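Trainee: Protein chains in written order, with UniProt numbering: chain Z, 1 to 159; chain H, 1 to 605. Virtual Cβ for every residue (Gly too), placed ideally from N, Cα, C. For clarity, every value in this text was computed on a predicted model and none was experimentally measured.
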């Protein structure tokens, strides 16, 4: 909001569908025409549902997400995303891992993006996050290592 | 056996803030209405505003209170985000439940029509609105999509249920449920949305905002029906702060910063009448409520206007009083009238028995009134604007002139025949009938003054913890005696028989001296002290008991016959200091606190 960018209603609707109806695995947002809008919606397939806590499967699935978020090989664009990330959470002292899902809010601002773009996404981040409501874990990513499956896993673990 | 019982209370006016909308709460039974002041919730009878009740169990500044549609409970909220749900029926207002749905100020509360759910909105850290069951606190859906402070929330009174919330992101969000889910956001307004309200039949809802516009939507689908007033021009010339539907859903009132309230016919979508409330900034209308046959709107200066539909130019009645903390109080000798003055310099007079009141009009003090006294038709006030005023009473207008002092008159002592003594920072001034007649420069800072009932001596308290006694010879002061005290004097009280002088002090002590025996300590009164600075003292008419009030919120009544007895009225003004005390009879006490409640007590000892 500080940047004058507003949040389109479809952004909130998409998150609601992802969070409550489990319709999407992830949703990617971008800023277009002075508004935060949906860029890509990735629907949950039946395969996804069957393999929700299959780490190998999820890693593959994650690669698809990263490729889509990055855009092309040389695309240096910033993006927001919300991601229904499933993990097996095992805290110290737990006998068995708990199957949990975390909604991650990813702010993807690659180092190679233009300064103008980075500024715009950083200053609009708050407005988006507030519109999305509570119970969402923020992940800031500026290079590929911060988009890795393990990095997300670490962020999604309860403290 | 010592007992006390509060008999009546004259309450404060709603707290207002310029250009900030707030909400009045209506009673489903049509009897009372609710508003907030300080940490209290005020329940006021709509037909006779002199009848009221004050709920004081919030620990932070209260922001909004609403009755449940069943009428049995009130939900009230404060700036810390706490919601308290309490019983309306019994006098103790038993707490039923307390929740903290968000971590910041709550702006609005609404109950579901079945009195089971509560929706709130405000300024939280992560969320701005929340809906929950009042008995368990479990949430009913998630109210997403708001990105700035939400000012107003409403719950559709008929099935299928909907929630609307509007706020500073200039959108109104529409939720379907329960459990409530984001459905759409309505972006017709260009500035803050201040108030959103469903019609009582649920068919439509209206949103009004700081852009001076109102929009009418379908209550079930949120389709835009029309702009309020047709859309040719803005509904109001200033920001609209509130709106309220008539009980039959055919009409609506809106109140605005353009100092008007407008009545609209919602069938024709046209204005029926315009209530012009004045031209000054303080006439801006910040909230309105339509309850039964009553149309209320609140001005920036806190006045509650009862609008007259048949005569839009003059309100039927205006409930006045104070919405700044009261700083001093005085009662006439015949005990018929109470005068109270506040931090803004406004002075109100109240009828002791009926609560009838009005504000003294005309150009008066422009700053906090520090001391006041009334005697023989003169109301004498000293103020931080460095002046002392004589106002003739009974009369409702200020006297023509202010007597300007060279330094701030911190206190004023009032005697007979129009004599008064002002204790200024570097002088003591004697006044007679509105004229300065003598000035004595002093090398201490005078904090309070008193005149002995037989008019021969004048007491002045100094910041140097001393009491200075002067002989009043004609109009001049001759120094007579200096007495060492324990703290600076904040107030003096002579017993009506003239024998005893009590000095309230910053050091928590109340020193009582025998004036007939050369100002020696009265035996046994050395234990007279409270838990914090004592701000006021008063002797009862038969000179047997002294009442003292303090910063510690308590009033203590001391018995001269049994000086070691301590009869304490704990939390007489909960969470607010006592600023004034006066006896009406030997068994009736009046107290005023910074909670702006003027309470009358029956005392048995």
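Report the residue ranges of all beta strand (DSSP E) runs contained in full by the UniProt domain "ADF-H" (2 to 157) of chain Z; include only those spanning at least 3 residues, in chain order.
Mentor: You should have 24 to 32, 35 to 43, 79 to 89, 98 to 108 and 137 to 141.
Trainee: So, does the CB of residue 147 of chain H fall closer than 8 Å to a CB anywhere in chain Z?
Mentor: Taking Cβ atoms only, chain Z reaches closer than 8 Å to residue 147 of chain H, which makes this a yes.
Trainee: Does residue 20 of chain Z get closer than 8 Å to chain H when you measure Cβ to Cβ?
Mentor: Output row for residue 20 of chain Z: interface = yes.
Trainee: Please decide whether residue 142 of chain H counts as near chain Z, where near means a Cβ-Cβ distance under 8 Å.
Mentor: Chain Z contact via Cβ: present.
Trainee: Any beta-carbon of chain H closer than 8 Å to the one on residue 133 of chain Z?
Mentor: Output row for residue 133 of chain Z: interface = yes.
Trainee: Using the C-alpha atoms, what's the distance from residue 294 of chain H back to residue 44 of chain H?
Mentor: Using only the alpha carbons, I get a separation of about 13 Å.
Trainee: Kindly list, in the order they appear in chain H, the residues whose Cβ is closer than 7 Å to that of residue 13 of chain Z.
Mentor: By Cβ distance, chain H contributes 182.
Trainee: Residues of chain H with CB under 7 Å from residue 7 of chain Z, in chain order?
Mentor: In chain order: 147.
Trainee: Kindly say whether residue 91 of chain H, judged by its beta-carbon, lies nearer than 8 Å to any beta-carbon of chain Z.
Mentor: Not closer than 8 Å to any Cβ of chain Z, the Cβ of residue 91 of chain H fails to qualify, so no.
Trainee: Would you mind working out which of H:228, H:271 and H:456 sits nearest residue 263 of chain H, comparing C-alpha positions?
Mentor: The shortest C-alpha separation from residue 263 of chain H is found at H:271.
Trainee: Beta-carbon of residue 130 of chain Z versus every beta-carbon of chain H: anything under 8 Å?
Mentor: Yes, residue 130 of chain Z lies at the interface with chain H (some Cβ there is under 8 Å from its Cβ).
Trainee: Rounded to whole angstroms, what is the Cα-Cα separation between residue 336 of chain H and residue 28 of chain H?
Mentor: Distance between the alpha carbons of residue 336 of chain H and residue 28 of chain H is about 36 Å.
Trainee: Pull out every residue of the stretch 110 to 138 of chain H whose Cβ sits closer than 8 Å to any Cβ of chain Z, in chain order.
Mentor: Per Cβ criterion, the list reads 126, 127 and 128.
Trainee: Name, please, each residue of chain H whose Cβ falls closer than 7 Å to the Cβ of residue 127 of chain Z.
Mentor: Here the neighbours are 147.
Trainee: Jot down the residue ranges of each uninterrupted beta strand (DSSP E) in the stretch 338 to 409 of chain H, minimum 3 residues, whole runs only, in chain order.
Mentor: Qualifying beta strand (DSSP E) stretches, in chain order: 347 to 351, 357 to 359, 369 to 375, 378 to 383, 387 to 392 and 402 to 404.
Trainee: Taking only beta-carbon positions, decide if residue 140 of chain Z is within less than 8 Å of chain H.
Mentor: Cβ-Cβ to chain H under 8 Å: no for residue 140 of chain Z.
Trainee: Does DSSP put residue 445 of chain H in a helix, a strand or coil?
Mentor: Coil, per DSSP.
Trainee: Run down chain H in chain order and give the residues with a C-beta less than 7 Å from the C-beta of residue 212 of chain Z.
Mentor: Chain Z is shown only over 1 to 159; residue 212 of chain Z falls outside these bounds and no answer can be derived.
Trainee: What residues in its chain sit with their C-beta under 6 Å from that of residue 368 of chain H, if we drop five residues either side in the sequence?
Mentor: Hits under 6 Å: 327, 343 and 384.
Trainee: State the Cα-Cα distance for the pair residue 595 of chain H and residue 46 of chain H, rounded to the nearest angstrom.
Mentor: About 21 Å.
Trainee: Relative to the C-alpha of residue 19 of chain H, which residue among H:311, H:210, H:424 and H:518 is closest?
Mentor: It is H:210.
Trainee: List in chain order: all unbroken beta strand (DSSP E) runs of 3+ residues lying wholly within the UniProt repeat "WD" (186 to 227) of chain H.
Mentor: Runs of the beta strand (DSSP E) inside the UniProt repeat "WD" (186 to 227) of chain H: 193 to 198, 204 to 209, 214 to 218 and 224 to 227.
Trainee: Which residues in the same chain have their Cβ closer than 6 Å to the Cβ of residue 58 of chain H, if we skip the five residues on either side of it in sequence?
Mentor: Contacts found: 39 and 78.
Trainee: Does residue 282 of chain H come out as helix, strand or coil in the three-state DSSP assignment?
Mentor: In this structure, residue 282 of chain H counts as helix in the three-state DSSP scheme.
Trainee: Kindly list, in the order they appear in chain Z, the residues whose Cβ is closer than 7 Å to that of residue 185 of chain H.
Mentor: By Cβ distance, chain Z contributes 9.
Trainee: Per DSSP, what kind of secondary structure is residue 525 of chain H in: helix, strand or coil?
Mentor: Helix at residue 525 of chain H.
Trainee: How about residue 141 of chain H: is its C-beta nearer than 8 Å to some C-beta of chain C?
Mentor: The question asks about chain C, but that chain is absent: this structure's protein chains are Z and H.
Trainee: Along the beta strand (DSSP E) that carries residue 482 of chain H, what are the first and last residues, could you check?
Mentor: Here the beta strand (DSSP E) through residue 482 of chain H covers 476 to 484.
Trainee: Hey, quick one: how far does the beta strand (DSSP E) through residue 93 of chain H stretch, first residue to last?
Mentor: Looking at the DSSP string, residue 93 of chain H is not in any beta strand (DSSP E), and its letter there is neither H nor E.
Trainee: So, does the stretch 446 to 454 of chain H touch the stretch 414 to 433 of chain H, judging by three or more C-beta pairs under 8 Å?
Mentor: Because the criterion of three Cβ pairs below 8 Å is met, the stretch 446 to 454 of chain H and the stretch 414 to 433 of chain H touch.
Trainee: Let me make sure I understand the geometry here. Which of H:358, H:461 and H:504 has the alpha-carbon closest to that of residue 410 of chain H?
Mentor: Closest option to residue 410 of chain H, Cα to Cα, is H:461.
Trainee: In the DSSP output, what is residue 262 of chain H paired with across the bridge?
Mentor: For residue 262 of chain H, which the question treats as bridged, DSSP gives the partners H:254 and H:274.
Trainee: Could you tell me how far apart the beta carbons of residue 523 of chain H and residue 508 of chain H are, in whole angstroms, since I believe they sit closer than 8 Å?
Mentor: Actually they are not in contact, since the Cβ atoms of residue 523 of chain H and residue 508 of chain H sit about 20 Å apart, beyond 8 Å.
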